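Undergrad: Dropping the structure in here first, questions after.
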RNA sequence: GGCCCUAUCGUCUAACGGUUAGGACGGAGCCUUCUCAAGGCUUAAAUCCGGGUUCGAUUCCCGGUAGGGUCACCA
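In this note's numbering, the protein residues as written are 26 to 477.
Next up, the structure:
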């Protein structure tokens with residue numbers, strides 16, 4: 026039997042990490058089994074569904090590389106006739122009925138601990154499912170057997186009117202018509218499962234396999250939600266995270282193949298993905314580790330990949346050789362592209378923009394055996410002979426190293442580094458020289474010399 | 001509160017009932033080094049509690065406890 030999974034977001038918000046991971050698991054499972062991964066928009070709530078959210082979801086999904094196999098967009102809002110016919114069928118067979126709400130004794134049953142009811146306006150008439158009141162048992166691929174007594178559900182509502190089905194009805198009909206074989210969704214869907222199974226049985230649909238994946242948690246171990254730290258995928262994209270890294274991190278959050286391997290391409294994930302190795306408990310989302318994963322992927326991209334992300338304030342007036350040097354310098358210091366912006370705004374990189382100010386004592390290396398003056402002079406004269414076109418890290422190093430080794434590296438290199446950066450801690454002087462260019466380097470050395 | 005789910009280092013996790021309970025992130029330390037970063041090495045850190053079953057439980061069962069999810073005419 027061909028495996029068919031689906032990702033059915035409701036376009037009432039941007040694509041969040043949790044949903045992205047659910048989509049990923051559906052994708053990986055389907056592809057692992059050579060099946061299809063379908064996409065469906067659950068936009069029956071016209072009030073809250075927005076085109077912009079729809080666009081965000083579609084774009085985020087494709088950015089992550091999760092291509093679906095749906096030929097045309099499957100939109101619940103366009104399937105009203107189908108739901109209506111199905112609903113009528115249920116009513117005709119007396120499996121559902123039109124309920125006059127005004128005649129109903131007010132249900133005094135909804136007063137649980139936190140009575141935060143959020144209901145819209147009540148209608149006089151709704152369609153209710155005639156609950157056979159039985160115990161539903163289903164096999165969850167991750168959790169094993171789960172049992173529910175559906176009696177407590179009562180005759181639950183399945184449509185606001187013959188034209189307006191609600192979630193449970195639409196989902197069951199669509200999943201059946203799309204021939205979905207495996208429903209992989211968040212753990213918060215567990216409690217929806219029994220009533221959906223009841224509806225399936227009323228229609229005589231085949232029951233799909235269920236797999237409820239654990240939730241992604243905020244650091245306080247509650248469900249990650251818009252209100253509590255849920256960050257849309259598009260935000261990570263904007264921050265410059267690489268899609269491979271996000272996918273890799275998300276895949277390993279709640280799942281792992283049982284090996285020590287940490288870095289997986291999408292293809293490798295497809296290869297090794299196994300639903301039965303998905304964790305049962307929720308997983309706290311840790312941005313630190315995702316940053317680490319991203320850094321690993323950044324390394325593969327190489328230093329030049331940073332160039333487009335260097336803000337113009339830093340690159341203004343610099344030659345391409347200098348910009349490359351800056352990219353290389355930043356390369357080993359950042360985990361995510363947006364770190365460049367951060368460092369730049371924090372003043373960390375100010376030495377690239379303007380002549381630094383520093384106390385002259387800083388020019389004196391702590392372990393120095395000699396005064397910096399003569400070394401600055403010699404450094405200046407050596408560098409004056411290096412051609413400005415070849416003022417790269419290695420050229421500078423080649424020119425200066427023999428002298429530095431002769432006099433003690435710290436004696437020579439420390440004063441130069443401070444002259445160029447004005448800081449106690451900075452990249453090495455060769456890198457600094459390459460970033461600043463010959464002219465600026467010589468000017469700063471001259472100024473330092475004037476101080477001592 | 002009812003129902004449901006879950007429980008290994010701070011975090012993500014590994015361990016067909018037998019391991020010195022392993023790895024990764026983060027932390028600490030050391031090395032490298034003119035400083036920082038990067039890199040290399042080392043290290044601290046966990047089986048929620050109580051009963052069973054068993055020669056032997058992280059692992060199986062039961063009970064607590066704790067956490068989470070869900071209880072809409074939203075999806």
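By construction, the Cβ of each residue, glycine as well, lies at the ideal position given by its N, Cα and C atoms.
Predicted model, so just to flag it, every value in this text is computed and none were measured.
Taking just the CA atoms, how far does residue 69 sit from residue 76?
TA: Cα-Cα distance, rounded: 13 Å.
Undergrad: Could you give the C-beta distance for residue 40 and residue 81, rounded to a whole number, given that I count them as a contact under 8 Å?
TA: 6 Å between Cβ atoms; contact.
Undergrad: Quick one: what's residue 248 bridged to in DSSP?
TA: Partner(s): 242.
Undergrad: From 181, 240, 343, pick the residue whose C-alpha is nearest to that of residue 124; which is it?
TA: For the residues 181, 240, 343, the minimum Cα distance to residue 124 belongs to 181.
Undergrad: Relative to the C-alpha of residue 329, which candidate in 309, 340, 351 has its C-alpha closest?
TA: The residue with the shortest Cα to Cα distance from residue 329 is 351.
Undergrad: So is residue 200 buried or exposed if we call it buried at 16+ other beta carbons inside 10 Å?
TA: The residue in question, residue 200, is buried, as its Cβ has 16 or more Cβ neighbours within 10 Å.
Undergrad: With residue 122 as the anchor, note down where its beta strand (DSSP E) starts and where it stops.
TA: 121-125 is the span of the beta strand (DSSP E), which, as asked, contains residue 122.
Undergrad: So residue 267 and residue 42 are in contact, right, with Cβ under 8 Å, and what is the actual spacing, rounded?
TA: Contact doesn't hold; Cβ gap of about 15 Å is too wide.
Undergrad: Can you tell me which of 311, 453, 65 puts its alpha carbon nearest to the alpha carbon of residue 418?
TA: Taking only the C-alpha atoms, the option nearest residue 418 is 453.
Undergrad: Roughly how many angstroms lie between the CA atoms of residue 375 and residue 321, to the nearest whole one?
TA: In a straight line, the C-alpha of residue 375 is about 27 Å away from that of residue 321.
Undergrad: Taking only the alpha-carbon atoms, compute the straight-line gap between residue 229 and residue 114 and give it to the nearest angstrom.
TA: Distance between the alpha carbons of residue 229 and residue 114 is about 12 Å.
Undergrad: Among 397, 104, 109, which residue has its Cα nearest to the Cα of residue 385?
TA: Of 397, 104, 109, the residue nearest in Cα terms is 397.
Undergrad: Would you say residue 319 and residue 270 are within 8 Å of each other, going by their C-beta atoms?
TA: Yes, the Cβ-Cβ distance between residue 319 and residue 270 is below 8 Å.
Undergrad: What is the DSSP secondary structure of residue 34, counted as helix, strand or coil?
TA: Residue 34: coil per DSSP, three-state reduction.
Undergrad: How many angstroms separate the CA atom of residue 411 from the CA atom of residue 272?
TA: Residue 411 and residue 272: Cα-Cα distance of roughly 47 Å.
Undergrad: Can you give me the Cβ contacts of residue 46 inside the same chain, cut-off strictly under 6 Å, excluding the 5 residues immediately before and after it?
TA: Around residue 46: 275.
Undergrad: By the three-class DSSP mapping on this structure, what secondary structure does residue 262 have?
TA: Residue 262: helix per DSSP, three-state reduction.
Undergrad: Around the Cβ of residue 246, are there at least 16 other Cβ atoms within 10 angstroms (buried) or fewer (exposed)?
TA: Under this definition residue 246 is an exposed residue.
Undergrad: Would you call the stretch 353-372 and the stretch 323-343 touching, i.e. three or more CB-CB distances under 8 Å?
TA: Output reads yes: the stretch 323-343 touches the stretch 353-372.
Undergrad: Leaving aside the five residues before and after residue 348 along the sequence, list all residues of the same chain whose C-beta is less than 8 Å from its C-beta, in chain order.
TA: Hits under 8 Å: 332, 335, 340.
Undergrad: I'd like to know if the stretch 424-438 and the stretch 389-396 are in contact, where contact means that at least 3 CB-CB pairs between them fall below 8 Å.
TA: The stretch 424-438, when compared against the stretch 389-396, does touch it at the 8 Å Cβ threshold.
Undergrad: Does the stretch 155-166 touch the stretch 207-224, meaning 3 or more C-beta pairs lie closer than 8 Å?
TA: Segments in contact, yes.
Undergrad: Take residue 52 and list the residues in its own chain whose beta-carbon comes closer than 6 Å to its own, dropping the five residues that flank it on each side.
TA: Same-chain partners within the cutoff: 62, 91.
Undergrad: Could you work out which residue in 222, 183, 459 is closest to residue 416 when comparing CA atoms only?
TA: The shortest Cα separation from residue 416 among 222, 183, 459 belongs to 459.
Undergrad: Scan the stretch 427-461 and note each continuous alpha helix (DSSP H) run of 4 residues or more that stays entirely inside, going in chain order.
TA: Runs of the alpha helix (DSSP H) inside the stretch 427-461: 434-446.
Undergrad: As a quick exercise: from 37, 297, 112, 464, pick the residue whose alpha carbon is nearest that of residue 405.
TA: Residue 405 has its Cα closest to that of 464, out of 37, 297, 112, 464.
Undergrad: List the endpoints of the continuous beta strand (DSSP E) containing residue 174.
TA: Element bounds for residue 174: 169-174.
Undergrad: Would residue 304 pass as a contact of residue 279 if the rule is Cβ separation under 8 Å?
TA: Yes; because the gap between Cβ atoms is below 8 Å, this pair is in contact.
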